[in-house]
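What follows is a set of notes on a single structure, which appears directly below.
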Amino acid sequence: MKPLITGIHHITAIAGNPQANIDFYTGILGLRLVKKTINFDAPGVYHFYFGDELGRPGTVFTTFPFTGARKGTKGAGEVTYTAFSVPAGSLDYWGERLKKYGITVSDILTRFGDKLIRFEDHDSMGIELVANDQDDRTGWSYGQVPIEHSIKGFYGATLSLRAKDLTEKLLTEHMDYHFIGEENERFRYGTAGKPGDIVDIVIDKSGNRGMQSAGTVHHIAFRTENKASQLQVQEILMRNGYQVTEVKDRSYFTSIYFREPGGVLFEVATDEPGFAIDEDEAHLGELIKLPEWAEPNRAKLEESLASVKLNVEEYD
Numbered sequence: 249m250k251p252l253i254t255g256i257h258h259i260t261a262i263a264g265n266p267q268a269n270i271d272f273y274t275g276i277l278g279l280r281l282v283k284k285t286i287n288f289d290a291p292g293v294y295h296f297y298f299g300d301e302l303g304r305p306g307t308v309f310t311t312f313p314f315t316g317a318r319k320g321t322k323g324a325g326e327v328t329y330t331a332f333s334v335p336a337g338s339l340d341y342w343g344e345r346l347k348k349y350g351i352t353v354s355d356i357l358t359r360f361g362d363k364l365i366r367f368e369d370h371d372s373m374g375i376e377l378v379a380n381d382q383d384d385r386t387g388w389s390y391g392q393v394p395i396e397h398s399i400k401g402f403y404g405a406t407l408s409l410r411a412k413d414l415t416e417k418l419l420t421e422h423m424d425y426h427f428i429g430e431e432n433e434r435f436r437y438g439t440a441g442k443p444g445d446i447v448d449i450v451i452d453k454s455g456n457r458g459m460q461s462a463g464t465v466h467h468i469a470f471r472t473e474n475k476a477s478q479l480q481v482q483e484i485l486m487r488n489g490y491q492v493t494e495v496k497d498r499s500y501f502t503s504i505y506f507r508e509p510g511g512v513l514f515e516v517a518t519d520e521p522g523f524a525i526d527e528d529e530a531h532l533g534e535l536i537k538l539p540e541w542a543e544p545n546r547a548k549l550e551e552s553l554a555s556v557k558l559n560v561e562e563y564d
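This note's numbering numbers the first residue of the sequence shown as 249 and each following residue consecutively.
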């Protein structure tokens, strides 16, 4: 039977300064800003989407930048590291590039046969770059990052939990994931087991809960094909005792939300319609796009939002 869930759709983090946020993810990491809109649940705050050329599912890292937000803390019940996929042989390039901009980078590590580096963004958000030759997606670059080293999308995400059994049951029995393997007390799961669908569970032995604020992940979204498959997922989850929201219209996809047993906020989002429904593909992310219900308040909203711009030319 065709799987209802096919990997990671997007990952959303809380950030601080909006301009610093754009500078880091477009200027330093080279992701494309594919959409500037608002947090639909907190309209006075931006919602930025960074991804590949079109913001395809599986490539989009999104942020809610709250000006002046204090730093959060990593801990149990959170996605503590977001891993991006880069071409094999690219880690030396990335290590040098990150250090050039004052970012502390780990030594090259090895995990499940792949090499990776680990670092944090300007808000202390945990990031990994995993070099591999299993990713056939095409990377994106504004030009400052050579395309042969550019980020292709997500590799996966690390969930830090106090215990894994109930979350493992959710993933493998109700979300089309399967167990791949265990290495150094890291438990790996995937749908097809390829870059873009990997979920790792690490047991947080301290048991201390993370505190959500700038530099922490708000939620992780899993991808499903369309509204029909989303309703099937919703029905399965509700039938098995999960408290699932109604379907919410996020303009570029529809969403349902629920907490997994370890406390991480999960979303299931549709692949369609995508980010080109209200902007030409060549001009994605250039304007502030609002949902229809917010348009009557555009002037007030734009006045409340900080002015931001792309500065990629400063990050050669």
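Every residue, glycine too, gets a C-beta built ideally from N, C-alpha and C.
Owing to the predicted nature of the structure, the values given are computational and were not obtained by experimental measurement.
- Own chain residues within Cβ distance below 7 Å of S461, not counting five before or after: I262, A317, R318, K319 and G320
- Message: Here's a check: name, in chain order, each residue in its chain whose Cβ is nearer than 8 Å to the Cβ of L302, leaving out the five neighbours to either side.
- Response: V282, G522, F523, A524, E529 and L532
- Do the region 504 to 521 and the region 414 to 432 touch if we need at least three Cβ pairs shorter than 8 Å? yes
- Message: Distance check for F402 and I253, CA to CA, integer angstroms please.
- Response: 16 Å
- Mapping DSSP to helix, strand and coil, what is L485? helix
- Item | Complete beta strand (DSSP E) runs within the region 399 to 446 (minimum length 3 residues, chain order) | 401 to 409, 426 to 431 and 434 to 438
- Message: Going by DSSP in three states, T386 sits in which element: helix, strand or coil?
- Response: coil
- Does the beta-carbon distance from V465 to T260 come in below 8 Å? yes
- Query: Would G455 be called buried (16 or more neighbouring beta carbons within 10 Å of its own) or exposed?
  - Reply: exposed
- Message: What does the Cβ neighbour count give for K537, buried or exposed, with the cut at 16 atoms within 10 Å?
- Response: buried
- Output yes or no for whether 8 Å exceeds the beta carbon distance between R385 and K363. no
- Query: Just how far apart, CA to CA, sit T493 and D340?
  - Reply: 44 Å
- Counting only the same chain and skipping the five closest in sequence on each side, list residues whose C-beta sits under 6 Å from that of V308. H258, Y297 and G299
- If we ignore side chains and look at the alpha-carbon of each, how far apart do K557 and T330 end up? 25 Å
- Query: Would DSSP call L339 helix, strand or coil?
  - Reply: helix
- Task: Report the three-state DSSP secondary structure of T329 (helix, strand or coil).
- Result: Note that residue 329 is Tyr in the sequence shown here, rather than Thr. Note: Y329 maps to strand in three-state DSSP.
- Message: Please report the straight-line C-alpha distance between A324 and V512, rounded to a whole angstrom.
- Response: 9 Å
- In the DSSP assignment, find the alpha helix (DSSP H) that holds K283 and state where it starts and stops. Unbroken run through K283 is the beta strand (DSSP E), R280 to N287; no alpha helix (DSSP H).
- Task: Report the rounded CA-to-CA distance for F272 versus Y349, giving the unit in angstroms.
- Result: 10 Å
- Message: Can you give me the C-alpha to C-alpha distance between D497 and D355, rounded to a whole angstrom?
- Response: 42 Å
- Between which two residues does the beta strand (DSSP E) harbouring R546 extend? Run containing R546: none in the beta strand (DSSP E); it sits in the alpha helix (DSSP H), R546 to S552.
- Query: Does the distance from the CB of I429 to the CB of R436 come in under 8 Å?
  - Reply: Note on identity: in this sequence residue 429 is Gly, with Ile being the wrong assignment. The answer is yes: Cβ separation under 8 Å.
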